[in-house]
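S.K.: These protein sequences, in sequence, are chains A and B. In terms of the working numbering, the first sequence opens at residue 1 and continues consecutively. In terms of the working numbering, the second sequence opens at residue 1001 and continues consecutively. C-beta atoms are modelled at their ideal positions from N, C-alpha and C, and glycine is treated no differently.
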Amino acid sequence: MKRMQTNNRLLMWIDERLPIFSYSDENLVSYPTPKNLNYWWNYGSIAGIVLVIMIVTGIFLAMNYQPHTDVAFQSVERIVRDVNYGWLLRNLHMNGASMFFIVVYIHMFRGLYFGSYKAPRELLWMIGVTIYVVMMATAFMGYVLPWGQMSFWGATVITNLFSALPVIGEYIVVWIWGGFSVDAPTINRFFVWHYLLPAVILGLVVVHMWALHIHKSNNPLGIEIKSPADMMPFHPFYTIKDLFGLGIFFMFFSFFVFFAPDFLGHPDNYIPANPMVTPPHIVPEWYFLPFYAILRAIPDKLGGVLAMAAGILVLYVLPWLDTSKVRSATYRPIYKQLFWIFVANALFLGWLGQKPAEGAYLIMGRLSTAYYFLFFLVLPLVGRFEKPKQLPVSIFEEVAKKCRTKED
Amino acid sequence: MSDNSNTAPAGATAEQIADEIESAPRRDFLLMSTTALGVAGVGMAMWPFIHSINPAKDVLALASTDVDLSAIEVGQAVTVMWRGKPVFIRHRTEEEIAAANEVSLDELRDKQTDSERVQKPEWLVAVGVCTHLGCIPSGQKLGDKKGDFGGWFCPCHGSHYDSSGRVRKGPAPFNLAIPEYTFTDETSIVIG
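As structure tokens, this is what we get:
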């Protein structure tokens, strides 16, 4: 590590014993970053900020929330009506969850398009997938806490997924519930997990950053960093670019928080949980809908659950499914098309997930599910038969081409 | 960092170096204004969080207590709850009132006359929380220790209060607090 240069003797004294200043300089200030990162590279830092917002609003919500079946619903209503700025904290947290998924999905699609999962960044990608899985568990349990009808029936349906497992399924479900249905013990432990898992996510983010800083960021050209001329310091170039993107993101976020706080939720969740009545139309939160569509496309209980799990877990082996050495889809004519169909298909699956599972929707759901998996399964072949375009020589040369000189 | 930002890359032309020097103050201004705005924004965003753990509206709505005094005989005392704390209400005897008035102010740690502490001499209304470290003094019930001055005695660290609720001995620095209260009629009060 390069030592920080300063005339301040106190800072020097601290830095010699605990090099926090040298470390921050190395990783945040002079940290070498490819010169050509575009705005798709903003979403990692935005996701980090959203995580912080979720944790801080969550801590303050927890100070007024009560995880008991008798009072959970009222305690959330009390937060919104009586607690000072409780409405703001709740709207930030509730919509923050959706924002987190929007940002993380864009971040993941970015990685998918530009081949950020390829060697030597396989572990970086896999840690990211793990963060995504833990995020889903956290979001699911958070949705149970307000104890509305959707909370209760969502919890019932999702936990019952485990009952599909042969032999042990029933025991696992009873174990998860702490009883014979979703009830007081369930909400109590879900609250504990919901409070604990963000700390796990935070730890995983640290490891994610660690792995990122070993081989540095990928870039839109997908080619290696070859010389110092390909890079520039993170600060001020990317701090300001990230801040600008963050500002735009906050406008988008604020629109939902202040003008449409319930737009992304479901009105049935404002009816207190009733174990005796299932609402006529059960839908998970929007960010689970594509996987929900996969679940319903398979006409078999265990098969559906396995397909849904596979839909997520296949991401772990993606670095080995894709055999092409070229990272960026810009230079991969076939993969590029498959990718955009995959994006459209994922959105379409999400749309199907909130439609009734019958008739034409079911058929479309099956075709769509088939493409979802086909995309991953043909990757090894695409890598072998696709003829990539000519790759640029260096990042520096590409950037220089686009730069205007003073004479322009 | 700021030293680096003013240096042009190696091999720069004289023109480029001049350009760098010219744009440095502009860059410093941008950095400082961005930082100032960011700090102000974060500072303002902190307020909703800080305020959210202040008493909520439903807590404030329950911040007063009505008490019917008609059933309390002379010499009796009752304890009512107000804002989660005990409030001592004592229907004082003539002797207790006289004893409270006889004390000279010089003897008191927290100098207050009895008339400053009551609205009607026969009714003493005081917050039943010792001003030392928050325990509840004994002396409300028959047979309780009332301390050396016929009022209350705090079992935690031995503070003695007289029949006006004034501290007379022990570590407590102040007299028992008098809550805001008003007589709504002859025999009822509302505290808070």
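#1: Roughly how far, in whole angstroms, is the beta-carbon of residue 1126 of chain B from the beta-carbon of residue 1178 of chain B, given that I think they are within contact range, below 8 Å?
#2: Just checking: is the beta-carbon of residue 76 of chain A within a distance shorter than 8 Å of some beta-carbon in chain B?
#3: Secondary structure at residue 18 of chain A, three-state DSSP: helix, strand or coil?
#4: Let me confirm a value: residue 175 of chain A is counted as buried when at least 16 other C-beta atoms fall within 10 Å, else exposed. Which label applies?
#5: How many angstroms separate the CA atom of residue 322 of chain A from the CA atom of residue 57 of chain A?
#6: Cβ of residue 63 of chain A less than 8 Å from any chain B Cβ?
#7: Taking the Cβ atom as the reference point for each residue, do residue 222 of chain A and residue 115 of chain A lie within a distance shorter than 8 Å?
#8: Measure the Cβ-Cβ separation of residue 346 of chain A and residue 339 of chain A and say whether it is below 8 Å.
#9: Suppose you measure from the CA of residue 143 of chain A to the CA of residue 264 of chain A; what does that come to, to the nearest Å?
#10: Could you spell out where the beta strand (DSSP E) holding residue 105 of chain A opens and where it closes?
#11: Please confirm if residue 1049 of chain B has its CB atom under 8 Å from at least one CB of chain A.
#12: Skipping 5 residues on each side, what residues in its chain have a beta carbon closer than 6 Å to that of residue 1105 of chain B?
#13: Can you find a CB in chain A that lies within less than 8 Å of the CB of residue 1021 of chain B?
#14: Just verifying my parser: in three-state terms, what is the DSSP assignment at residue 364 of chain A?
#15: Determine the closest residue to residue 301 of chain A out of A:239, A:180, A:163 and A:44, with distance taken between C-alpha atoms.
#16: Rounded to the nearest angstrom, how far is the Cβ of residue 204 of chain A from that of residue 127 of chain A, given a contact under 8 Å?
#17: Under 8 Å between the Cβ atoms of residue 36 of chain A and residue 218 of chain A?
#18: Which residues of chain B have a Cβ atom closer than 8 Å to the Cβ of residue 264 of chain A, listed in chain order?
#19: Thinking just about the alpha-carbon of each residue, which of B:1141, B:1163, B:1099 and B:1172 is nearest to the one in residue 1154 of chain B?
#20: Going by the beta-carbon positions, is the gap between residue 32 of chain A and residue 226 of chain A smaller than 8 Å?
#21: Starting from the beta carbon of residue 1058 of chain B, find every residue of chain A whose beta carbon is closer than 9 Å, and list them in chain order.
#22: Check this for me: beta carbons of residue 124 of chain A and residue 211 of chain A, under 8 Å apart or not?
#23: Which of the three DSSP states is assigned to residue 300 of chain A in this structure?
#24: Of the residues A:45, A:51 and A:12, which one's Cα is nearest the Cα of residue 97 of chain A?
#25: Could you tell me the alpha carbon to alpha carbon distance between residue 146 of chain A and residue 269 of chain A, rounded to whole angstroms?
#26: Relative to the C-alpha of residue 274 of chain A, which residue among A:316, A:224 and A:72 is closest?
#27: With a threshold of 8 Å between beta carbons, is residue 252 of chain A in contact with chain B?
#28: Using the beta-carbon of each residue, which ones in chain A are nearer than 7 Å to residue 1052 of chain B?
#29: Ignore the nearest five residues each way along the sequence and tell me which others in residue 1142 of chain B's own chain have a CB closer than 6 Å to its CB.
#30: Taking residue 315 of chain A as the reference, which of A:243, A:377, A:5 and A:200 has the closest Cα?
#31: Given a cut-off of 8 Å, decide if residue 1145 of chain B and residue 1139 of chain B are closer than it, judged by their beta-carbon atoms.
#32: Sorted by chain position, which residues of the same chain lie with C-beta nearer than 7 Å to residue 159 of chain A's C-beta, five sequence neighbours on each side aside?
#33: With residue 330 of chain A as the anchor, note down where its beta strand (DSSP E) starts and where it stops.
#34: Going straight from the alpha carbon of residue 1051 of chain B to that of residue 260 of chain A, what length do you get?
#35: Given residue 140 of chain A, which residues of its chain have a CB within under 7 Å of its CB, disregarding the five upstream and five downstream residues?
#36: Any Cβ of chain B within less than 8 Å of the Cβ of residue 56 of chain A?
M.R.: For this structure:
#1: With 8 Å as the limit, residue 1126 of chain B and residue 1178 of chain B qualify as a contact, their Cβ atoms being about 6 Å apart.
#2: No, because no Cβ of chain B sits closer than 8 Å to the Cβ of residue 76 of chain A.
#3: In the three-state DSSP reduction, residue 18 of chain A falls in the coil class, being neither helix nor strand.
#4: It is exposed - the Cβ of residue 175 of chain A has fewer than 16 other Cβ atoms within 10 Å.
#5: Answer to the nearest angstrom: the Cα atoms are 40 Å apart.
#6: At least one chain B Cβ lies under 8 Å of residue 63 of chain A.
#7: Residue 222 of chain A is a Cβ neighbour of residue 115 of chain A, given a cutoff of 8 Å.
#8: No, these two residues do not count as a Cβ contact at 8 Å.
#9: Separation of residue 143 of chain A and residue 264 of chain A (C-alpha to C-alpha, rounded to the nearest whole angstrom) is 12 Å.
#10: Segment 86-114 is the alpha helix (DSSP H) holding residue 105 of chain A; no beta strand (DSSP E) there.
#11: Closer than 8 Å to some Cβ of chain A, the Cβ of residue 1049 of chain B qualifies, so yes.
#12: Counting only residues of its own chain and dropping the five nearest sequence neighbours on each side, residue 1105 of chain B has a CB closer than 6 Å to the CB of 1111.
#13: Answer no: the Cβ-Cβ gap between residue 1021 of chain B and chain A never drops below 8 Å.
#14: Note: residue 364 of chain A maps to helix in three-state DSSP.
#15: Nearest of A:239, A:180, A:163 and A:44 to residue 301 of chain A, Cα basis: A:163.
#16: Contact check for residue 204 of chain A and residue 127 of chain A: beta-carbon distance about 6 Å, within the 8 Å limit, so the pair qualifies.
#17: The answer is no: Cβ separation not under 8 Å.
#18: Here the premise fails: no neighbours, minimum Cβ distance about 21 Å.
#19: Distance from the Cα of residue 1154 of chain B is smallest, within the candidate group B:1141, B:1163, B:1099 and B:1172, for B:1172.
#20: No, the Cβ-Cβ distance between residue 32 of chain A and residue 226 of chain A is not below 8 Å.
#21: Residues of chain A passing the Cβ test: 78, 81, 82 and 83.
#22: Contact flag set, yes.
#23: Coil.
#24: Nearest to residue 97 of chain A by C-alpha distance, out of A:45, A:51 and A:12, is A:51.
#25: Spanning the two alpha carbons is a distance of roughly 8 Å.
#26: Of the candidates A:316, A:224 and A:72, the one whose C-alpha sits nearest the C-alpha of residue 274 of chain A is A:72.
#27: No, because no Cβ of chain B sits closer than 8 Å to the Cβ of residue 252 of chain A.
#28: Correct list: 60, 83, 84, 85, 86 and 89.
#29: Taken in chain order, the list of residues that qualify is empty.
#30: Considering only alpha carbons, the answer is A:377.
#31: Contact check for residue 1139 of chain B against residue 1145 of chain B passes: the beta carbons are separated by less than 8 Å.
#32: Correct list, in chain order: 173, 176, 177 and 182.
#33: Premise fails: residue 330 of chain A is in no beta strand (DSSP E) and is neither H nor E.
#34: Residue 1051 of chain B and residue 260 of chain A have their C-alpha atoms some 24 Å from each other.
#35: Excluding positions up to five away in sequence, the list reads 158.
#36: For residue 56 of chain A, the answer is yes, since a Cβ of chain B falls inside 8 Å of its Cβ.
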